[in-house]
Amino acid sequence: YLASRDCFRGFIRVGARHCNQEADSIVDILMEPSDKPDDDEDSRQQCLRSTHMLTCLVLQLEDTCGERAQKVFLDTVVRFGDLFIAICDDKETATEVRTMLFDYLELEGDTRSKMETALGYLNRRRR
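Numbering (our numbering), first residue to last: 9 to 135.
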């Protein structure tokens with residue numbers, strides 16, 4: 009962490025804002041709009057938004073600060089997962105949203121596997 013601290017601090021301010029805007033766009037693209045979203049739709053949108061935020065932060069962090077900073081961040085998210093916002097309400101929604109998002113982002117190989125593992129672990133901890 010200490011080796012990448014300065015990069016991480018600079019990144020998180022800009023990266024979080026960027027990923028939040030990108031998450032809003034992804035929700036608009038992948039979710040059908042509704043005048044009055046019901047609880048299930050709202051839950052799916054929040055699941056998608058949260059999943060994208062974390063995915064975006066992790067991937068952008070590697071590009072900006074390197075693999076070591078990304079690994080430290082992922083370890084922190086997994087270890088302190090209960091402090092982070094709930095990702096998804098149930099396993100079925102989590103799996104569906106994760107697949108939809110990763111297919112849209114064209115995540116493959118090690119990157120997809122790394123994100124599926126981290127998100128899967130977070131969702132299991134919430135049960």
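Just so you know, even glycine gets a beta-carbon here, dropped at the ideal spot from N, CA and C.
Computed from a predicted model, the values in this text were never measured in an experiment.
request  = Leaving out five residues on either side along the sequence, give the residues of the same chain with a beta carbon under 6 angstroms from the beta carbon of threonine 63.
outcome  = Along the sequence shown, read from residue 1 onward, the residue named residue 63 stands at position 55. Excluding residues within five positions, the ones whose Cβ falls inside 6 angstroms are Met123.
message = Tell me the rounded alpha-carbon separation between histidine 60 and isoleucine 34.
response = Taking the sequence shown and counting its residues from 1, the one referred to as residue 60 is at position 52. Taking the sequence shown and counting its residues from 1, the one referred to as residue 34 is at position 26. Taking the straight line joining both Cα atoms gives about 8 angstroms.
ask   = Once you ignore the five residues that flank tyrosine 112 on each side, which residues in its own chain have a CB closer than 8 angstroms to its CB?
value = On the sequence shown, residue 112 is found 104 positions in, with the first residue counted as 1. Within the same chain, tyrosine 112 has close Cβ partners Ile34, Ile37, Leu38.
inquiry  = Measuring only the C-alpha atoms, how far is arginine 25 from glutamine 68?
reply    = Within the sequence shown, residue 25 is the residue found at index 17, counting from 1. Within the sequence shown, residue 68 is the residue found at index 60, counting from 1. Straight-line Cα distance between these residues: approximately 12 angstroms.
ask   = From serine 121 to aspartate 48, what does the alpha carbon distance come to, in whole angstroms?
value = Indexing the sequence shown from 1 puts residue 121 at position 113. Indexing the sequence shown from 1 puts residue 48 at position 40. Using only the alpha carbons, I get a separation of about 27 angstroms.
ask   = How many Å lie between glycine 18 and arginine 76 at the Cα?
value = Within the sequence shown, numbered from 1, the residue matching residue 18 stands at position 10. Within the sequence shown, numbered from 1, the residue matching residue 76 stands at position 68. Spanning the two alpha carbons is a distance of roughly 16 angstroms.
ask   = What residue does the alpha helix (DSSP H) around methionine 108 start on, and which one ends it?
value = The residue you call residue 108 lines up with position 100 of the sequence shown. Per DSSP, methionine 108 belongs to the alpha helix (DSSP H) from 99-113.
query = Taking just the CA atoms, how far does glycine 117 sit from asparagine 28?
reply = Locating residue 28 in the sequence shown gives position 20, where the first residue counts as 1. Locating residue 117 in the sequence shown gives position 109, where the first residue counts as 1. Roughly 25 angstroms between the two C-alpha positions.
task = Taking only the alpha-carbon atoms, compute the straight-line gap between arginine 87 and valine 80 and give it to the nearest angstrom.
result = Within the sequence shown, the letter at position 79 stands for residue 87. Within the sequence shown, the letter at position 72 stands for residue 80. Each residue's alpha carbon lies about 10 angstroms from the other.
Cβ neighbours of serine 12 in the same chain (closer than 8 angstroms, five flanking residues each side left out) = Here residue 12 corresponds to residue number 4 of the sequence shown, with the count starting at 1. Around serine 12: Cys73, Gly74, Arg76, Ala77, Val80.
message = Here's a check: name, in chain order, each residue in its chain whose Cβ is nearer than 8 angstroms to the Cβ of threonine 119, leaving out the five neighbours to either side.
response = Reading the sequence shown from its first residue, position 111 is the one you call residue 119. Leu67.
With 16 other Cβ atoms within 10 Å as the buried cut-off, status of leucine 127 = As a working mapping, residue 127 is identified with position 119 in the sequence shown. Leucine 127 sits buried, since 16 or more C-beta atoms from the chains shown fall within 10 Å of its C-beta.
inquiry  = For threonine 103 and isoleucine 20, I'd like the C-alpha separation in whole angstroms.
reply    = Here the question's residue 103 lines up with position 95 in the sequence shown. Here the question's residue 20 lines up with position 12 in the sequence shown. About 27 angstroms.
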